[in-house]
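Protein chains in written order, with the numbering used here: chain A, 689 to 892; chain B, 689 to 892; chain C, 689 to 892. Each residue gets a CB set at the ideal place from its N, CA and C atoms; glycine is no exception. Everything numeric in this text was worked out from a predicted model, so none of it was measured. Notes to accompany the following structure.
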Amino acid sequence: MTGSYTMLIADLIGVAVFAASGAGAAVAKRLDLFGVGFVGFVAALGGGILRDLVIGAVPPLAFSDWRYAVTAVCASVAVFYLHPQLSRLRRTVLVLDAAGLGLFTVSGTIKALDAGVPAVGACLVGMLTGIGGGLARDLLTGEIPAVLQRDIYAVVALGGAAAVTVLTWLDLAGPLPMASAAAAMIGVRLLALYRRWSAPVAVP
Amino acid sequence: MTGSYTMLIADLIGVAVFAASGAGAAVAKRLDLFGVGFVGFVAALGGGILRDLVIGAVPPLAFSDWRYAVTAVCASVAVFYLHPQLSRLRRTVLVLDAAGLGLFTVSGTIKALDAGVPAVGACLVGMLTGIGGGLARDLLTGEIPAVLQRDIYAVVALGGAAAVTVLTWLDLAGPLPMASAAAAMIGVRLLALYRRWSAPVAVP
Amino acid sequence: MTGSYTMLIADLIGVAVFAASGAGAAVAKRLDLFGVGFVGFVAALGGGILRDLVIGAVPPLAFSDWRYAVTAVCASVAVFYLHPQLSRLRRTVLVLDAAGLGLFTVSGTIKALDAGVPAVGACLVGMLTGIGGGLARDLLTGEIPAVLQRDIYAVVALGGAAAVTVLTWLDLAGPLPMASAAAAMIGVRLLALYRRWSAPVAVP
Numbered sequence: 689m690t691g692s693y694t695m696l697i698a699d700l701i702g703v704a705v706f707a708a709s710g711a712g713a714a715v716a717k718r719l720d721l722f723g724v725g726f727v728g729f730v731a732a733l734g735g736g737i738l739r740d741l742v743i744g745a746v747p748p749l750a751f752s753d754w755r756y757a758v759t760a761v762c763a764s765v766a767v768f769y770l771h772p773q774l775s776r777l778r779r780t781v782l783v784l785d786a787a788g789l790g791l792f793t794v795s796g797t798i799k800a801l802d803a804g805v806p807a808v809g810a811c812l813v814g815m816l817t818g819i820g821g822g823l824a825r826d827l828l829t830g831e832i833p834a835v836l837q838r839d840i841y842a843v844v845a846l847g848g849a850a851a852v853t854v855l856t857w858l859d860l861a862g863p864l865p866m867a868s869a870a871a872a873m874i875g876v877r878l879l880a881l882y883r884r885w886s887a888p889v890a891v892p
Numbered sequence: 689m690t691g692s693y694t695m696l697i698a699d700l701i702g703v704a705v706f707a708a709s710g711a712g713a714a715v716a717k718r719l720d721l722f723g724v725g726f727v728g729f730v731a732a733l734g735g736g737i738l739r740d741l742v743i744g745a746v747p748p749l750a751f752s753d754w755r756y757a758v759t760a761v762c763a764s765v766a767v768f769y770l771h772p773q774l775s776r777l778r779r780t781v782l783v784l785d786a787a788g789l790g791l792f793t794v795s796g797t798i799k800a801l802d803a804g805v806p807a808v809g810a811c812l813v814g815m816l817t818g819i820g821g822g823l824a825r826d827l828l829t830g831e832i833p834a835v836l837q838r839d840i841y842a843v844v845a846l847g848g849a850a851a852v853t854v855l856t857w858l859d860l861a862g863p864l865p866m867a868s869a870a871a872a873m874i875g876v877r878l879l880a881l882y883r884r885w886s887a888p889v890a891v892p
Numbered sequence: 689m690t691g692s693y694t695m696l697i698a699d700l701i702g703v704a705v706f707a708a709s710g711a712g713a714a715v716a717k718r719l720d721l722f723g724v725g726f727v728g729f730v731a732a733l734g735g736g737i738l739r740d741l742v743i744g745a746v747p748p749l750a751f752s753d754w755r756y757a758v759t760a761v762c763a764s765v766a767v768f769y770l771h772p773q774l775s776r777l778r779r780t781v782l783v784l785d786a787a788g789l790g791l792f793t794v795s796g797t798i799k800a801l802d803a804g805v806p807a808v809g810a811c812l813v814g815m816l817t818g819i820g821g822g823l824a825r826d827l828l829t830g831e832i833p834a835v836l837q838r839d840i841y842a843v844v845a846l847g848g849a850a851a852v853t854v855l856t857w858l859d860l861a862g863p864l865p866m867a868s869a870a871a872a873m874i875g876v877r878l879l880a881l882y883r884r885w886s887a888p889v890a891v892p
């Protein structure tokens, strides 16, 4: 997923979008410039760092390729200074966030399978790559993670990771099927947003 | 501790009980079905994941053996749907939780010693295996970890880990001494619950 | 940084000071004796554990060298029993905390560079070594990390890590330049405290 130039660009777009979501949450909590950059960095790269630690790829990509950290920090600083104008872009950010979720989950699952993690574990690692940054963002800003409370978000990641695993098992792990899996995840996520789908909560 | 079939069953019982404790906390916080499953997974397997990362056993068992994740998720889903009936089982859950603490601490200490971690470090890793999942459960649900606030719980884990280390040093690391260490921990933990023993708090 | 005896002493002073800061926060939150020791341990050694996991040095130093854990726990227990007298020492603690920040950041950056982490990543790892323990301390005690909210603290760590990286690149990685980098960080940190410098917060 990182071999080709196209995939690097896709990855860095995901990093920028997730960094912006983290930075936005940090600005809302009145953190200072450093805090905004740090939460942005963790939101963008926390999922990938966890993935790399779990599959034994040390140092994690976030520390071994400077383009990831620089992209995350630049996006965060931009949100720090431009956030009043950005509130108008809420819809764009949600679409880009869905794209980041799809891309990160697919690349995380592929990397876990390549590292020899068995099917069930690879699905979990792929899902954690997609949702880990958002989880860490919410913990750092003192919130119960949104992904655990409402919305069809993590389930999309889990379904996408399962699809990637099945495609790999069927020997269909080419660029086109993987891009289709990411596109399907993005579509389901946007549909869930538009239709306000939510996962069930236990009866009291 | 994982070589034999009996020990796998013991390990999975610990996973199921810790998952149930995490799922119960998540239901009380009104998390959705996914959140309940996720907090259950982390409560059951977070301690073991931390242990495996620290001793360099990657990918961690939680990702390399599907039975662990499936057990955790099934127990969590069961709590999600059955929790009104389960509140009557509170006493049973506390006993099973004590069993999980004993089994996880003993197996975590043994694995750390086998991986070449020195005595003091192995005690800490064993203790973290026993209490790590509960810590992560409380952080995810927005609470200061209960294990840091009251009760004789982590101290039982630390004492048990020290006992396992001393037994290993005396060349007494057979199944019977280890089972006795786990049994002693469970006994002390239940006695602490029954007598309401608490660790001291600093004078203001 | 750990080869020589002098450096070990410097490292353990940093551990004791950071443990005291964690233990003080835990006492203020009314945690019990175990909780105070645990938060002290994490505040003192959490940054180093994260560093060692990221650079693949397992088991982390906190588990492989017993002097680190014992120093952290002894300092925490001392704070638990002596904290009413210690409040008079607030100024001393802030100076020692600045010293810990400088020493941990310098040694973390050097270890990351030695492990083959590229320049930008090594700066991040060095900074995380310096601030990671304080971050974990605040998360465990239910606070949004102070380092993200106010004060010139993490920026000092980042600047120091960058200085160490540049010095190494210039082939000036001897004991004297490294000690100077740590001293400069401590000076800037104390000046920031004295002058009440703060990083900017976004306009609402």
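Taking 4 residues as the shortest admissible run, the segment 712-743 of chain C contains the following complete alpha helix (DSSP H) segments, listed from N- to C-terminal end: 721-743. When the alpha-carbon of residue 871 of chain B is set against those of B:781, B:840 and B:792, the nearest one is in B:792. For residue 857 of chain B, the enclosing alpha helix (DSSP H) starts and ends at 842-857. At a cut-off of 8 angstroms between C-beta atoms, residue 809 of chain B counts as an interface residue with respect to chain C.
As a beta-bridge residue in DSSP terms, residue 889 of chain B pairs with C:720.
In the pairwise beta carbon analysis, the segment 736-755 of chain A is classified as touching the segment 811-825 of chain A: at least three pairs are separated by under 8 angstroms.
Residue contact check for residue 720 of chain B against chain A: a CB pair falls below 8 angstroms. Rounded to the nearest angstrom, the gap between the Cα atoms of residue 891 of chain B and residue 711 of chain C is 14 angstroms. When DSSP states are grouped into helix, strand and coil, residue 795 of chain B belongs to the helix group. Taking 8 angstroms as the cut-off, the Cβ atoms of residue 715 of chain C and residue 771 of chain C count as close.
Proximity to residue 761 of chain B across B:724, B:737 and B:783 peaks at B:724, based on C-alpha coordinates. With respect to the C-alpha of residue 751 of chain A, the residue from C:781, C:805 and C:766 having the closest C-alpha is C:805.
Across the set C:721, C:735, C:865 and C:718, the C-alpha of C:735 shows the shortest separation from the C-alpha of residue 817 of chain C. Around residue 747 of chain C, the same chain offers no residue with a beta carbon nearer than 7 angstroms, after the five sequence neighbours per side are excluded. Rounded to whole angstroms, the gap between the alpha carbons of residue 874 of chain A and residue 848 of chain C is 42 angstroms.
Neighbours of residue 717 of chain C across chain B, judged by C-beta separation under 7 angstroms: 832.
Listed along the chain, the chain C residues whose CB falls inside 7 angstroms of the CB of residue 723 of chain A are 836 and 837. The straight-line gap separating the alpha-carbon atoms of residue 832 of chain B and residue 881 of chain B is approximately 20 angstroms. Annotation: residue 864 of chain A to residue 843 of chain A spans about 23 angstroms, alpha carbon to alpha carbon. Counting only the Cα atoms, residue 867 of chain A lies some 21 angstroms from residue 781 of chain A.
Between the segment 820-840 of chain C and the segment 820-830 of chain A, the count of Cβ pairs shorter than 8 angstroms is three or higher; the stretches touch. Residues are counted here when their Cβ sits less than 7 angstroms from a Cβ of chain B; for the segment 742-757 of chain C these are 746, 747, 748, 751, 752, 754 and 757, given in chain order. The beta carbon of residue 835 of chain A lies closer than 7 angstroms to those of 819, 822, 823, 841 and 842 in the same chain, with the five residues before and after it left out. Residues of the segment 869-889 of chain A with a C-beta less than 8 angstroms from any C-beta of chain B: 886, 887, 888 and 889, listed in chain order. Shown here for residue 850 of chain A: same chain residues with a beta carbon closer than 7 angstroms to its own, the five before and five after excluded, namely 811 in chain order. Identification of chain C residues near residue 733 of chain B by a Cβ-Cβ cut-off of 7 angstroms yields none; the smallest Cβ-Cβ distance measures about 17 angstroms. For residue 777 of chain C, the secondary structure class from DSSP, reduced to helix, strand or coil, is helix.
Using a Cβ-Cβ cut-off of 8 angstroms, residue 768 of chain A is close to 890 of chain C, given in chain order.
Inclusion of residue 887 of chain B and residue 722 of chain C in the CB contact set at 8 angstroms is warranted, their separation being smaller than that value. For residue 884 of chain B, there is no enclosing alpha helix (DSSP H), since its DSSP letter is neither H nor E. For residue 727 of chain A, the neighbours in chain C by C-beta distance under 8 angstroms run, in chain order, 836. Against chain C, a Cβ distance below 9 angstroms from residue 829 of chain A picks out 832 and 836. Not a single CB atom of chain C sits nearer than 8 angstroms to the CB of residue 801 of chain B. Straight-line spacing of the CA atoms in residue 858 of chain B and residue 701 of chain A works out to 57 angstroms. Residues of chain A with a Cβ closer than 7 angstroms to the Cβ of residue 812 of chain C are, in chain order, 751 and 757.
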